[in-house]
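Only one structure is covered here, and it is reproduced in the block below.
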Amino acid sequence: MAPVDGAASVPIPALAAPAVSVVTDTTYPLRRALEAVFTPLAALVLATAAFSLFLIFLGKSPADFFDLLWTGAFGSTFSLQNTLQRASPLLLTALCVALPAQLGLVIIGGEGAVLLGGLAAAVVGVPMTDAPAIVTQLAMAVAGIAAGAIWIGATGALRAIRGVNETIASLVMAYIATALFNQLVEGVLRDPASLNKPSTYAIPDDAMMGPVPGTDLHPGIPIGIAACIAAWVLISRTSAGFASRVTGGNLRAAQLQGLPVVKLIILACALGGGCAGLAGMLEVAVVQGRANASLAAGYGYTGILIAFLARHNPIAIIPMAVLLGGVGAAGGLLQRRMDLPDASVLVLEGMIFVAILAGETIYGRIKWFQPRGTA
Amino acid sequence: MDPGVVGTVAIAMIAGALRVSTPFLFVSLGECLTETSGRINLGNEGALVLGAMVAYATSYQTGNPWAGVAAAGVMGLLFGAAHGAICALPRVNDVAMGIAFMLAGTGTAFFFGKPYVQPSAPLLPTLPLGFWSDLPQVRSALAVSPLFFIGLAAAFVMHWVLRSTRMGLRVRIVGDSKDAALALGLPITRIRLVATSVGSGLAGIGGSFLSLSYPGSWNEGLSSGQGLMAVALVVFARWSPLACIGASLMFGAAGALGASLQAVGVTQGYYLSYAAPYVVTLAILIATVAPGRALRGMPGELSFGR
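So the protein lines, in turn, are chains A and B.
Numbering-wise, the working numbering puts 28 at position 28 of the first sequence, and it's gapless, one number per residue.
Numbering-wise, the working numbering puts 1304 at position 304 of the second sequence, and it's gapless, one number per residue.
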């Protein structure tokens, strides 16, 4: 039986390269990197073309659409800020998918970790009225990370110890988290003053995180980028990361080597969940000020798309999150100017996702990218 | 005559089971068929939502709800065919592709469904099986949609086809052992394509129940993930179409728990009760799998529990 894909398709340079390209083929690493850029790009172009046909079929101009998409996403300072604000949680929720994916796991329940992370942060932050802002913020971050790590880590533990399918378990856990979140926010934790939109009490005003000093930049952006870089270092430059990639490539081989597969799975899931929980905490500390239904904006689900677009490479997540944040930010403008339902963005995302995944099939098919000169 | 507290809860749960279970039944039957052929289709959630939208739109345009059900089935069939065809390519992961199709399907449904949120389309009739009772609660609880009985019939037909016909045997061989299927010269790709399409078509019909019977309207929050939960439901039913009936009824009853408790004045934990079916699913998953050994009845080719 083929191992569950996803992580199996992540390039494993240390394993693949030296065997064939010792002397004869010096440009192979470069061509392999090109292949990793070319394939998703081709898929992106294909999806864009398909979506253009879709628009033409509806009697709308694709040129207008992509022009507005650009304007709405990156065209002005305001839209760029909107884009980055949306990209910030996506960086972290994509890591929630990409980290476990190194071990061949498909975790799709990041949304639950975002909700619980935000809720935990609010619960910790609300009573800390006297503490210095930085202490409150750190405590909130720790609470958010812990909540997310426990939630997704539990899914990982079920997978590693009990053999429960992690895709379904994580999704079911996300639904349970949503119910738990609603129960607490509408029940014991509810601020009676929040009539139309049930919310928790607000965190102290001075604990709110402002923009990065000297700029208008959303503070989640540097945090998210730092997390992506840290994840990349962890995966490609540490022995735990190497062991994870071996496990993702061939579980049996990893077990025979005596790698601590159970621990690795739980660790990767907990780290990913911690990232998603931090995303929830940042939403509370930067944007909302309290935990409410606005946290369930689908960041966890868009994160899945981004992780697959980036082929689970944490560095590639950064541009992809900005791209998808831009697509999301442009939705409102598209709706106003072209009279397109906001779901048109969902259609575009779905087409991109299908094309990227189908693009996996051309890996290794184009001869020019393959190692030359048999040893 | 007052049915009393326990009676009210029981009636509400039975009503919930009969009403809410129908989409579960169709989607789980579809998923069961697809998985029997050795493939997982998480895209059934997309087929469900798309089916709901197409059914409602067709019913509104033609004035005939049954035309809507048929259109939803055909739409699901085509949707599943696309999933099946792409997953037949080498190196394409069926689980991830299912999520992609879920996104594409719900997106397309929301896109084209926008104009149909407001107008009201003719809904499917119900069979008044509660005619013998004087209690209005019982009467409304037993007003069962004919789709429920069609679903029951479909389960029995599928059970018979899979167990007792040449066609069913072929589907099971393809799902259990690719090597055996290759040795027999069976067209693996084609059989899986058909199984995925028909399964997705059933999911589409399940969606038509949501928009044309209960809750009986079209909006973007119509599905609560029935298409995804079907995967867990099929595990619970051990890949048996007949067991899917019981599993669906149980999920339906669990989903009706919150509303029925509220009907008798228990408002504590209302939102938490929404988690009931999911907690049940998780408990079932944990209880029924064990490391290192395949589940009884599980098709061997499923990339499910390594």
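Think of the CB as a built atom: it goes at the ideal place given N, C-alpha and C, for glycine as much as any other residue.
Computed from a predicted model, the values in this text were never measured in an experiment.
As assigned by DSSP and simplified to three states, the class of residue i
i, result
"serine 21 of chain A", "Low local confidence applies: a pLDDT of 45 at serine 21 of chain A is under 50, so the model's placement there is unreliable, with the coordinate-based value given in what follows. Serine 21 of chain A falls in the coil class under three-state DSSP."
"asparagine 82 of chain A", "helix"
"arginine 1039 of chain B", "coil"
"arginine 190 of chain A", "strand"
"tyrosine 1060 of chain B", "helix"
"arginine 252 of chain A", "helix"
"isoleucine 107 of chain A", "coil"
"proline 1241 of chain B", "helix"
"glutamine 1137 of chain B", "helix"
"threonine 129 of chain A", "coil"
"asparagine 1044 of chain B", "helix"
"proline 89 of chain A", "helix"
"leucine 1089 of chain B", "coil"
"asparagine 182 of chain A", "helix"
"glycine 258 of chain A", "coil"
"serine 9 of chain A", "No answer about serine 9 of chain A holds up, because its pLDDT of 47 lies below 50 and its placement is not dependable."
"histidine 218 of chain A", "coil"
Residue nearest to residue i in terms of C-alpha spacing, selected from the options
i, options, result
"glycine 303 of chain A", "A:Gly328, A:Ala330, A:Gly110", "A:Gly110"
"leucine 1033 of chain B", "B:Met1013, B:Val1049, B:Gly1216, B:Trp1160", "B:Trp1160"
"leucine 1152 of chain B", "B:Leu1202, B:Leu1182, B:Ile1191", "B:Leu1202"
"phenylalanine 54 of chain A", "A:Phe369, A:Arg237, A:Met351", "A:Met351"
"leucine 1193 of chain B", "B:Ala1141, B:Leu1129, B:Asn1041", "B:Asn1041"
"alanine 1081 of chain B", "B:Cys1087, B:Ser1197, B:Gly1098, B:Phe1026", "B:Ser1197"
"threonine 1022 of chain B", "B:Phe1110, B:Gln1268, B:Leu1048, B:Ile1188", "B:Leu1048"
"phenylalanine 1079 of chain B", "B:Val1231, B:Ser1140, B:Leu1050, B:Pro1277", "B:Leu1050"
"phenylalanine 65 of chain A", "A:Pro219, A:Ser344, A:Gly104", "A:Ser344"
"alanine 47 of chain A", "A:Ala143, A:Lys367, A:Gly359, A:Leu259", "A:Gly359"
"proline 211 of chain A", "A:Arg32, A:Leu282, A:Gly163, A:Arg190", "A:Leu282"
"proline 1115 of chain B", "B:Pro1136, B:Met1053, B:Gly1168, B:Val1138", "B:Met1053"
"alanine 160 of chain A", "A:Thr27, A:Leu333, A:Ile265", "A:Ile265"
"methionine 1158 of chain B", "B:Leu1282, B:Met1013, B:Thr1036, B:Val1020", "B:Thr1036"
"serine 1211 of chain B", "B:Val1027, B:Gly1043, B:Pro1065, B:Gln1061", "B:Pro1065"
"proline 1215 of chain B", "B:Met1097, B:Val1144, B:Ser1200, B:Phe1236", "B:Val1144"
"leucine 171 of chain A", "B:Gly1225, B:Ser1120, B:Gly1063, B:Pro1241", "B:Gly1225"
"lysine 60 of chain A", "A:Ala330, A:Gln85, A:Asn196, A:Leu334", "A:Leu334"
"asparagine 250 of chain A", "A:Gly72, A:Asn292, A:Gly163, A:Gln102", "A:Gln102"
"alanine 177 of chain A", "A:Ala87, A:Arg190, A:Gly277", "A:Gly277"
"isoleucine 225 of chain A", "A:Ala94, A:Leu69, A:Ile362", "A:Ala94"
"valine 123 of chain A", "A:Leu80, A:Ala149, A:Pro204, A:Ile108", "A:Pro204"
"leucine 271 of chain A", "A:Pro40, A:Thr27, A:Val142", "A:Val142"
"histidine 1083 of chain B", "B:Met1013, B:Ala1067, B:Ala1071, B:Leu1103", "B:Leu1103"
"phenylalanine 1111 of chain B", "A:Arg245, A:Ala63, A:Pro198, A:Leu58", "A:Leu58"
One or two residues paired with residue i in a DSSP bridge
i, result
"leucine 1127 of chain B", "B:Val1144"
"serine 199 of chain A", "A:Asn292"
Residue i at chain A interface by Cβ criterion, 8 angstroms
i, result
"isoleucine 1086 of chain B", "yes"
"threonine 1281 of chain B", "yes"
"methionine 1097 of chain B", "yes"
"glycine 1225 of chain B", "yes"
"threonine 1062 of chain B", "no"
"alanine 1195 of chain B", "no"
"arginine 1039 of chain B", "no"
"proline 1090 of chain B", "yes"
"glycine 1265 of chain B", "no"
"valine 1289 of chain B", "yes"
Neighbour flag for residue i against chain B, beta carbons, 8 angstroms
i, result
"serine 21 of chain A", "With a pLDDT of 45 at serine 21 of chain A, under the threshold of 50, the modelled position of this residue cannot be trusted; read the value that follows with caution. Not an interface residue."
"glutamate 186 of chain A", "yes"
"asparagine 250 of chain A", "no"
"tyrosine 299 of chain A", "no"
"glutamate 360 of chain A", "yes"
"proline 341 of chain A", "yes"
"threonine 200 of chain A", "no"
"threonine 167 of chain A", "yes"
"asparagine 292 of chain A", "no"
"asparagine 182 of chain A", "yes"
"tyrosine 175 of chain A", "yes"
beta-carbon residue i near the ligand NAD non-hydrogen atom, thresh 7 angstroms
i, result
"proline 1115 of chain B", "Among the ligands in the structure shown, none appear at all, so the ligand NAD cannot be discussed."
May I have a chain-ordered list of the alpha helix (DSSP H) segments no shorter than 4 residues that lie completely inside the stretch 17 to 67 of chain A? Qualifying alpha helix (DSSP H) stretches, in chain order: 28 to 57.
Could you name each continuous alpha helix (DSSP H) segment of 4 residues or more that falls completely within the stretch 289 to 369 of chain A, going from the start of the chain to the end? 299 to 309, 314 to 338, 343 to 359
What ranges does the alpha helix (DSSP H) occupy inside the stretch 1160 to 1236 of chain B, keeping only unbroken runs of at least 4 residues that lie completely in it? With a minimum length of 4 residues, the continuous alpha helix (DSSP H) runs that stay inside the stretch 1160 to 1236 of chain B are 1166 to 1176, 1178 to 1184, 1188 to 1212, 1226 to 1236.
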